[in-house]
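Here is the structure we will look at.
There are 2 protein chains.
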Amino acid sequence: MANIQEIARLAGVSTATVSRVINRHPYVSDLTREKVLNIIEQLDYVPNSNAKSLKNGATKVIGVMGVTYNPLLMSLVRSFHMISQKYGFNIMLFMTDGDRDKELVALEMLRSKQVDALLCLVRTIEWDIIESYTKYGPIVTWQRLTSDTIPSVFMDQYQGYTLGLEYLYARGYRKILNVYSSKGQNTLERIRAYEDFVQKHGLKNTGFPQFHNKVTIHDGEEIARWWIEQTDKPDAISCSTDEVAAGILTEIQRSGFSVPDDVGIMGFDNTDSAHLLDLTTIHYPVDKQAENAFNIIMSMLENSASNLHPLQFRLIERKST
Amino acid sequence: MANIQEIARLAGVSTATVSRVINRHPYVSDLTREKVLNIIEQLDYVPNSNAKSLKNGATKVIGVMGVTYNPLLMSLVRSFHMISQKYGFNIMLFMTDGDRDKELVALEMLRSKQVDALLCLVRTIEWDIIESYTKYGPIVTWQRLTSDTIPSVFMDQYQGYTLGLEYLYARGYRKILNVYSSKGQNTLERIRAYEDFVQKHGLKNTGFPQFHNKVTIHDGEEIARWWIEQTDKPDAISCSTDEVAAGILTEIQRSGFSVPDDVGIMGFDNTDSAHLLDLTTIHYPVDKQAENAFNIIMSMLENSASNLHPLQFRLIERKST
Chain A
1 MANIQEIARL AGVSTATVSR VINRHPYVSD LTREKVLNII EQLDYVPNSN
51 AKSLKNGATK VIGVMGVTYN PLLMSLVRSF HMISQKYGFN IMLFMTDGDR
101 DKELVALEML RSKQVDALLC LVRTIEWDII ESYTKYGPIV TWQRLTSDTI
151 PSVFMDQYQG YTLGLEYLYA RGYRKILNVY SSKGQNTLER IRAYEDFVQK
201 HGLKNTGFPQ FHNKVTIHDG EEIARWWIEQ TDKPDAISCS TDEVAAGILT
251 EIQRSGFSVP DDVGIMGFDN TDSAHLLDLT TIHYPVDKQA ENAFNIIMSM
301 LENSASNLHP LQFRLIERKS T
Chain B
1 MANIQEIARL AGVSTATVSR VINRHPYVSD LTREKVLNII EQLDYVPNSN
51 AKSLKNGATK VIGVMGVTYN PLLMSLVRSF HMISQKYGFN IMLFMTDGDR
101 DKELVALEML RSKQVDALLC LVRTIEWDII ESYTKYGPIV TWQRLTSDTI
151 PSVFMDQYQG YTLGLEYLYA RGYRKILNVY SSKGQNTLER IRAYEDFVQK
201 HGLKNTGFPQ FHNKVTIHDG EEIARWWIEQ TDKPDAISCS TDEVAAGILT
251 EIQRSGFSVP DDVGIMGFDN TDSAHLLDLT TIHYPVDKQA ENAFNIIMSM
301 LENSASNLHP LQFRLIERKS T
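Quick mapping for you: the protein sequence lines, in order, are chains A and B. Heads up: the first sequence begins at 1 in the UniProt record's numbering, then just goes up one per residue. Heads up: the second sequence begins at 1 in the UniProt record's numbering, then just goes up one per residue.
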């Protein structure tokens, strides 16, 4: 098989230049790159990247674990993908569906050096097991966590949810229905925010049920049908996601009710659906979170300082409240 | 460092069983797996997957090239991811933005055996260059292509677009504005469909401009503002995507016009936005396309026959026409 010396000789360049072309180093002229690539093509030379990985220990691949295809997480993955690619990294997605075995696959790939680092979006496995893998490479999480070994880019949901509730209060809403997503730490924080809000303003118990595990448009439509049937109706609905809010808004309107005249609706995340439907919502700076996650990983891989964005929720007032 | 023989001895099982556990083969009892994994954990044994890949030549990773985060492509990627994972494959995403160099990175990873196969969603590089890589592993595309070496799961856009146009005609629309996406083969097919449609029904030239490279909600909002300004208005708009249609619909309604009374709007793809906004659209069975793409890749990797879904566009009539 052809080797790098032979390619260098035929191209009339140094082996270092051939290596730069193979490793897609930017500082090679187009002409030289073209020449080297042509010879590589003629010789049918395959740089053995597995052997290469064995040598330098880096795959230039970051695993993203706990992928689900909802709009918020996809925004995060897109931003993370964009910045990773800018620095020459590819990403490998692990869709885990809360399945421990699938999470272990991702962790084992870090251990066996098939990925250089992991971004953990959602997990079921206990944190101490995940922590035991940090000796194999950086693990950064999006979930709320205080750990010496796993940095987190989480945002304080208590603060974000309170922002929405206080706005609803200021607009005169007093009978607020809460719709929550899956029962993780973030939801517990939102529940705590609501309880403190009720106490602060001395609101009486609405008697409304709590909705849990609601995240999609279809979930929102179901809640709208519940709302329509009530005689004592909530005057506002604070939603887990914009998709739930969008489902509620459109289904309520289909039944001839008017928003915000009959009920105020508040989304969360500020995704495209909120923009489309003029939903009041809480802007979630996932792009900045993604960049922070990448910067932390880079700083851990390179033993350097990381430069992080400040992260803040922001109220976006539109026409649904 | 610990080796597989030592693990087998300590666990009281054969080396083949240890190997099955390491390679996540399904036919191992939970008890045995647990026992082996515990010993692996105690010994801190790292199966060297790079060396392993060198030996068996399979990484169990499929590259997806040409990723963009629009709803249709994300549905495709999600379905492809789900079926891949079911068969023990992970996916690696390459966001290429029509950049040849980034496309080459993906192709080179196939050549250097870092991925077992490639699903090519969008590409800029000439097909004959891509074909030259098929000797390194299966490449399947989503784009329209007739090739002996690169199977395609494309769907006939001429047929899908005609379905929409004929429906609009049957509903009485005669002055149709067309909004197209990027100028690829699919758009050329849609343009051809419109030209044949006009000729078939003897429609006169509307004199409307053709909109190109329009795919997002914001693109749709721009087109809505154009529509509002016209004195001789189109009576229907046939859109490249549901997102464009959603942007047009909502922006036109914000300005006090009514849909479909003032203008009929037709989407394409049948994504969540179309459902939310009651948009008439063309259902695009991307989930089935994704499964076909995976099945073709598997049949090429395993030299077996592939079992493919029939693919067909379908008109979804809602309230925007």
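Each residue gets a CB set at the ideal place from its N, CA and C atoms; glycine is no exception.
CB contact check: residue i to chain B, cutoff 8 Å
i	result
His-283/A	no
Phe-121/A	It should be pointed out that residue 121/A corresponds to Leu in this sequence rather than to Phe. Cβ-Cβ to chain B under 8 Å: no for Leu-121/A.
Thr-280/A	no
Met-82/A	yes
Leu-93/A	yes
Met-266/A	no
Asn-90/A	yes
Ile-130/A	no
Arg-78/A	yes
Asp-242/A	no
Met-74/A	yes
Ile-176/A	no
Tyr-167/A	no
Leu-276/A	yes
Presumed contact (8 Å Cβ cut-off) between residue i and residue j, rounded CB distance
i	j	result
Gly-66/B	Leu-121/B	4 Å
Gly-98/B	Thr-124/B	5 Å
Ile-228/A	Ile-237/A	Actually they are not in contact, since the Cβ atoms of Ile-228/A and Ile-237/A sit about 12 Å apart, beyond 8 Å.
Asp-242/A	Phe-268/A	6 Å
Leu-279/B	Ser-320/B	5 Å
Glu-251/B	Glu-221/B	4 Å
Val-179/A	Ser-240/A	5 Å
Lys-214/B	Ile-223/B	7 Å
Ile-4/A	Ser-14/A	About 10 Å separates the two Cβ atoms, so there is no contact after all.
Gly-164/B	Ile-91/B	32 Å between Cβ atoms; not a contact.
Phe-313/B	Gln-159/B	6 Å
Gly-172/B	Met-109/B	Not a contact, Cβ separation roughly 53 Å.
Ile-7/B	Leu-43/B	7 Å
As assigned by DSSP and simplified to three states, the class of residue i
i	result
Ser-238/B	strand
Phe-211/A	strand
Leu-279/A	coil
Leu-72/A	helix
residue 322/B	Residue 322/B cannot be examined here, being either before or after the span of chain B that is shown, 1 to 321.
Ile-7/B	helix
Gly-256/A	coil
Arg-192/A	helix
residue 346/A	Since the first residue shown for chain A is 1 and the last is 321, residue 346/A is missing from the structure and cannot be characterised.
Gly-264/B	strand
Val-64/A	strand
Asp-287/B	helix
Asp-269/B	strand
Ala-305/B	coil
Arg-33/A	helix
Thr-15/B	helix
Leu-203/B	coil
Asp-232/A	coil
Closer than 8 Å to chain A by CB, residue i
i	result
Ala-11/B	no
Asp-261/B	no
Ile-297/B	no
Gln-85/B	yes
residue 324/B	Only positions 1 to 321 of chain B appear in this structure, which leaves residue 324/B out of reach.
Tyr-27/B	no
Ala-193/B	no
Ile-248/B	no
Ile-150/B	no
Tyr-69/B	yes
Ser-255/B	no
Leu-272/B	Sequence check: residue 272/B is Asp here, not Leu. By this cut-off, Asp-272/B is an interface position.
Ile-228/B	no
Ile-217/B	yes
Sequence ranges, alpha helix (DSSP H) only - wholly within the segment 75 to 155 of chain A, length at least 4: Runs of the alpha helix (DSSP H) inside the segment 75 to 155 of chain A: 100 to 111 and 127 to 131.
How about the segment 290 to 297 of chain A and the segment 165 to 172 of chain A: do they share at least three Cβ pairs that are nearer than 8 Å? At 8 Å Cβ cutoff, the stretches do not touch.
Mind the definition here: the segment 250 to 264 of chain B touches the segment 260 to 270 of chain A only if three or more C-beta pairs lie below 8 Å; say whether that holds. Short answer: they don't touch.
State whether the segment 129 to 145 of chain A contacts the segment 79 to 91 of chain A, with contact taken as three or more CB pairs (one from each stretch) at a distance under 8 Å. Touching, no, given that fewer than three Cβ pairs across the two stretches are closer than 8 Å.
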